Amino acid sequence: MEILKTYKLYIGGQFPRTESGRSYAVKSVNGEHIANVCLSSKKDVRNAVQAARKAQLAWAGKSAFNRSQIVYRIAEMLEARKAQFIEELQALGQSKKSAESEVSMSIDRCVYYAGWADKYQSIIGSVNPVASAHFNFSVPEPTGVVGIVACQETALLGLISQLLPVIIGANTAVVLANATKPTCAISFAEVLATADVPGGVVNILTGQPAELLPTLSAHMDVNALSIAPIESKLQKEAQAEAIDNLKRVHIFVEPLYVKKAQGLPYIADFQEIKTTWHPIEQIAGGAGGY
Amino acid sequence: MSQKNWNLEPSLESAALLKLQDQYELFIDGKWQAPLSKKYFDSINPSDESKLAKIAWANEADTDVAVKAARTAYENVWSKLSGAQRGKYLFRIARLMQEQAKELAILETLDGGKPIRESRDVDIPLACNHFFYYAGWADKLQEAFAGQQISSLGVAAQITPWNFPLLMLAWKVAPALACGNTVVLKPAETTSLTALKFAEICQQAGLPAGVVNIVTGYGDTGAALVAHTDIDKIAFTGSTAVGKQIQKACLGTSKKLTLELGGKSANIILEDAPIDQAVEGVINAIFFNQGHVCCAGSRLYVQESIAAQVLAKLKFRLQSIYVGNPLDKNTDIGAINSKKQLETIERYIKLGIAEGGQIYQPTCELPSKGYYCKPTLFTDVAQSATIAQEEIFGPVLTIQTFRTMEEVIQKANNSPYGLAAGVWTDKGSRIFGLSQQLRAGVVWANTYNKFDPASPFGGYKESGFGREGGRHGLSAYLKFSN
């Protein structure tokens, strides 16, 4: 007899059940029961934000090269579990071909962003030629904790397209998974847990965006939101809640599961630019080496 | 030693150069147009409470006319010009501003109350340089964003504050035009005059009609502009509270938004700092422009071992600060911008005392007319005190001490704001280390309140988003498509 997996949440590197004790059934397109997943509560959101905040400083403190290797490792782990994800996507109703394509694009996307970890700074940052005797430079820094409402059309690729640019930029994330196809997101958490991604860098919740998003968007310790296309009323409410602490809100109107939905701007969206004025000593009589 | 003993000969800048009109209309579609509202308001000289001019007060209908003019100019003229051609107009504007810099400086001081030395040496030159700088970007935008599809946005609504009127106009108008947008600008109601002078400069430059439109008025004018359905971009500099209102007003629209809002910036002196230089820096950080600076170093943190020495030197230095007529070249602190702002500052000073802070003000006489405030220090201030948390926007400094670097980083970051920070130390590696840890958009090391067109400026957290200045400042005025 087959051993069925219990789908739990992913918070602070652990796989707890929702504190609410609730669950909901995920069904295939034919109405067959696939699994029961956690119906997360507001308290789960707050716990996840706390875990994300706690992990952020250490994550940003790692070398960019190190983050690059960790994200590359995600690709390796995903590759190793390719068959599992294809199967899961098929169970959710996708054709074999489309499932294969989605998983291989997801892996490619991980490799793509892994390479960005120690490069975007050189392109977004600058040294600025000011008129005074200062070494003036601008560097990108992570915005902080980012709330992600994952793509509701795809189960894996959309989520990866939103998550990877966020964490490669040294932010940490709280993800609200696709509500109707949440199984892949939790399996992806298992990938993260075995890919040396420190606990708390990514936190994944399953449940209803309508219930969870208001808490996430109003949370004063969340710095930014990445929102895939959702019901417009819900989106507008989230934007309104986000104003209180001036969260940076990025609404993606374009599909996130296409080949071109990747690039530097997706990283830059969750970066702040810091400019430092460092004094330069004026050495009298120096000929400047010419 | 009190200020009276200095017996400085007044060295007044003459305002005779100015040709002020009694009444100013709106600048729409390249022409001066009487407001449809038929309303006007008085612009007051805050240094003596005299009336400078009557200024048109635009209503919703007026802003609509202005936006239509900007849209027409965008579609028919400005978006069809090449970057190089736009750049030439901007270079020309920069030169015309330089030629009339003296007049602009005097006007800025009369209208806003800032010392003539500051408007002459800081505001106006920086404003000119900003146009010159962005002029050069106009034909290099694709190089600035290699590999990305960029285009202009359309019509930009821009709302500027009263603390650096012409400079903030430059920060907004120059990159907007360089990127191919047209503009409707709403200057702050207490400081409209340099913006109106700038309108004349646009005419002198032969800038096509409607590319720059200036609608004067109060907050209601700004609100009407923000709410207009045919604008593509809003750039606002001002208070965090109004910034949030603007965000609410934009909900559900696709208007691109950049906000440069309030601050409560930490200025940190470490024990190895060059103390005299640091004390001068603290003075500049908080008393520059009467403290009407969003990035003012209003929270001073001094390492405990040198706190007594720094405080004594600060108090001594305060005695030689000259508060008075802004047109006097001796003046260090001019007039508070408005009666309303003076009342706000005075309310905070009372609150500071009520909450247990020790106040120190130098003995100096303030002019009998006009709005003035003595430079003010507060010691024994708790981290939770209102004056240590809220933006005062005046010459009021809170002073706290710390022992370790960890402690000061935590205290400095313990604010909803994140605009700027100052660090005073002799050690270069420490500058870089602290800069990395401070959650602020600008970090000044062994200096403060330095600005440059090439240097991006803007905040973290509730100090806003988007950058002004440098290559980064272009992003605010471009559309990026995938």
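If you read the protein sequences in the order shown, they are chains A and B. Residues 8 to 297, numbered by my numbering, are exactly what the first sequence covers, in order. Residues 256 to 737, numbered by my numbering, are exactly what the second sequence covers, in order. Just so it is clear, CB atoms sit at the ideal spot from N, CA and C, and this is done for glycine as well. Just so it is clear, the structure is predicted and the values come from calculations on it, not from any experiment.
Inter-residue Cα distance where the pair is residue i and residue j
i               : j               : result
K594 of chain B : Q459 of chain B : 35 Å
D125 of chain A : G132 of chain A : 12 Å
T495 of chain B : K103 of chain A : 52 Å
S623 of chain B : G579 of chain B : 10 Å
Q258 of chain B : A675 of chain B : Legend: pLDDT at Q258 of chain B = 47, less than 50; position of this residue unreliable, value from coordinates given subsequently. Approximately 31 Å between the Cα atoms of the pair.
G20 of chain A  : R685 of chain B : 34 Å
Y715 of chain B : Y127 of chain A : 19 Å
E645 of chain B : S509 of chain B : 32 Å
A521 of chain B : Y17 of chain A  : 38 Å
R60 of chain A  : W679 of chain B : 29 Å
M256 of chain B : R572 of chain B : For M256 of chain B, the predicted model reports a pLDDT of 38, less than 50, meaning its position is unreliable and no value from the coordinates is stated.
A119 of chain A : K267 of chain A : In the sequence under discussion, the amino acid at residue 119 of chain A is Tyr, which differs from the Ala named in the question. Going from the Cα of Y119 of chain A to the Cα of K267 of chain A covers about 12 Å.
T599 of chain B : I469 of chain B : 28 Å
K188 of chain A : L99 of chain A  : 7 Å
A425 of chain B : M352 of chain B : 11 Å
G688 of chain B : I530 of chain B : 20 Å
S670 of chain B : N252 of chain A : 11 Å
E39 of chain A  : V110 of chain A : 23 Å
E238 of chain A : V260 of chain A : 12 Å
T327 of chain B : W333 of chain B : 9 Å
G517 of chain B : S30 of chain A  : 45 Å
T659 of chain B : Q692 of chain B : 14 Å
Per-residue burial, residue i [other beta carbons within 10 Å of its own, 16 or more giving buried]
i               : result
L272 of chain B : exposed
N331 of chain B : exposed
T437 of chain B : buried
V428 of chain B : buried
M227 of chain A : exposed
K50 of chain A  : exposed
S736 of chain B : exposed
E354 of chain B : exposed
V229 of chain A : buried
F72 of chain A  : exposed
T618 of chain B : exposed
P23 of chain A  : exposed
For residue i, the first and last residue of its enclosing alpha helix (DSSP H)
i               : result
P149 of chain A : Careful: P149 of chain A lies outside any alpha helix (DSSP H), inside the beta strand (DSSP E) at 141-149.
L480 of chain B : 474-482
W204 of chain B : The requested residue 204 of chain B is not part of the displayed model; chain B covers only 256 to 737.
I379 of chain B : 379-390
Y344 of chain B : 338-354
Q502 of chain B : 495-505
Q128 of chain A : 127-131
S730 of chain B : 727-730
G441 of chain B : Note that residue 441 of chain B is Lys in the sequence shown here, rather than Gly. Not the alpha helix (DSSP H): K441 of chain B falls in the beta strand (DSSP E), residues 437-441.
V198 of chain A : 190-201
L396 of chain B : 396-399
First and last residue of the uninterrupted beta strand (DSSP E) at residue i
i               : result
K34 of chain A  : 30-34
T179 of chain A : 179-183
S210 of chain B : Past the boundaries of the shown model lies residue 210 of chain B; chain B is included only from 256 to 737, so the question cannot be answered.
D317 of chain B : Counting along the chain, D317 of chain B falls outside any beta strand (DSSP E), though it belongs to the alpha helix (DSSP H) covering 315-331.
T161 of chain A : Taken as a continuous stretch (DSSP letters only), T161 of chain A belongs to no beta strand (DSSP E), as it is neither H nor E.
V467 of chain B : 467-469
T513 of chain B : 511-515
A454 of chain B : From DSSP, A454 of chain B is part of no beta strand (DSSP E) but of the alpha helix (DSSP H) over 448-459.
D303 of chain B : Careful: D303 of chain B lies outside any beta strand (DSSP E) and carries neither H nor E.
Requested in this report: With a floor of 4 residues, list each alpha helix (DSSP H) that falls wholly inside the stretch 45-106 of chain A, ordered by position along the chain.
Outcome: The stretch 45-106 of chain A is shown to contain whole alpha helix (DSSP H) runs of 4 or more residues at 49-68, 71-87, 89-98, in chain order.
**Report entry** Segment contact, 8 Å Cβ cut-off, at least three pairs: the stretch 83-91 of chain A with the stretch 40-54 of chain A
**Finding:** With a cut-off of 8 Å, the stretch 40-54 of chain A and the stretch 83-91 of chain A do not count as touching, because too few Cβ pairs lie within range.
Query raised in the report: Curious, which full-length beta strand (DSSP E) runs of at least 3 residues does the stretch 641-709 of chain B contain?
Result: 651-657, 675-679, 697-700
Requested in this report: Ignoring anything shorter than 4 residues or poking outside the stretch 209-274 of chain A, list the alpha helix (DSSP H) runs there in chain order.
Outcome: 216-225, 239-249
Query raised in the report: So, do the stretch 531-549 of chain B and the stretch 368-377 of chain B have three or more beta carbon pairs nearer to each other than 8 Å?
Result: yes
Query raised in the report: How do the stretch 141-149 of chain A and the stretch 274-291 of chain A stand: do at least 3 beta-carbon pairs fall below 8 Å, yes or no?
Result: Touching, yes.
Query - Segments of 3+ residues assigned as beta strand (DSSP E) that fall wholly inside the stretch 521-595 of chain B - result: 521-524, 554-558
Requested in this report: State whether the stretch 600-610 of chain B contacts the stretch 628-643 of chain B, with contact taken as three or more CB pairs (one from each stretch) at a distance under 8 Å.
Outcome: Short answer: they touch.
Query - Given 8 Å, three or more beta-carbon pairs between the stretch 268-281 of chain A and the stretch 170-177 of chain A - result: yes
Requested in this report: Check whether the stretch 206-218 of chain A touches the stretch 481-495 of chain B, taking contact to mean three or more Cβ pairs, one atom from each stretch, closer than 8 Å.
Outcome: no
Query - Segment contact flag, the stretch 554-566 of chain B with the stretch 654-669 of chain B, C-beta cutoff 8 Å, min 3 pairs - result: Touching, per the Cβ criterion.
Report task. Specify whether the stretch 719-733 of chain B and the stretch 550-557 of chain B touch according to this definition: at least 3 beta carbon pairs, one from each stretch, less than 8 Å apart. Result -> no
Query - Segment contact, 8 Å Cβ cut-off, at least three pairs: the stretch 283-298 of chain B with the stretch 380-398 of chain B - result: no
Report task. Counting only runs of 4+ residues fully inside the stretch 599-641 of chain B, write out the alpha helix (DSSP H) ranges in chain order. Result -> none
Requested in this report: Examine the Cβ distances between the stretch 392-406 of chain B and the stretch 447-463 of chain B and report whether three or more of them are shorter than 8 Å.
Outcome: no
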